[in-house]
Amino acid sequence: MRTLRPCTKLDYLFLFSDSRSAYSDLAVSQSLEDGCAYLLTEGASPLGYICAVYEHGVTRVSYGYTVPDARNSGVFTALLSELVKQEMFPIRLSVSERNELHAAIAHVCEKLGFTQGTASIVFQCNMSAQESSRWDSY
């Protein structure tokens with residue numbers, strides 16, 4: 002039986018110890034201070050979690066994770082649905098097109114009634130230290 006509930010720091014630390022990163026640690030900490038986090042389990046097994054932060058009147062999904070064996074089984078849909086049920090509008094989520102799960106995440110968002118927002122422009126600089134010296138005069 003699947004159970005969805007608020008996620009605590011201890012849940013995250015113990016249940017997802019093998020899949021933690023510096024970014025996910027930060028996202029969980031921020032969501033527990035300034036937002037919310039939800040955990041989905043099946044029995045004693047963790048399936049995934051979602052983190053959201055309230056910023057400037059917007060709920061921003063800062064991180065979501067589904068264990069690899071549970072992908073494509075409705076885990077992310079259930080987690081994102083919980084934010085919708087809590088009526089924490091507007092809810093924003095951004096995902097890079099280079100993310101291997103981009104299409105699956107987009108499908109879930111569309112299924113839940115999200116619409117594609119205005120695209121932001123991402124600038125990337127891949128200069129060597131030598132090339133970047135030309136900016137020293139600015």
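Residue numbers (the working numbering): 2 to 139.
Think of the CB as a built atom: it goes at the ideal place given N, C-alpha and C, for glycine as much as any other residue.
The structure displayed is predicted, hence computed values, not measured ones.
Spatial neighbours of residue i in its chain, beta-carbon cut-off 7 Å, leaving aside the 5 residues before and after
i	result
S95	none
T67	L48, G49, V76 and F77
L33	K10
S25	Y64 and Y66
Cβ neighbours of residue i in the same chain (closer than 6 Å, five flanking residues each side left out)
i	result
A71	L48
N73	none
Cβ neighbour criterion (16 or more within 10 Å) applied to residue i
i	result
G114	exposed
G44	exposed
L11	exposed
V59	exposed
Simplified DSSP state of residue i, which is helix, strand or coil
i	result
A45	coil
L5	strand
L81	helix
E56	strand
Cα-Cα separation, residue i to residue j
i	j	result
R21	A53	17 Å
A105	E98	11 Å
A1	P7	The first residue shown for the chain is 2 and the last is 139, placing residue 1 beyond what the model contains.
V62	A23	17 Å
C37	K86	13 Å
G118	K112	15 Å
E83	L5	8 Å
F15	T42	13 Å
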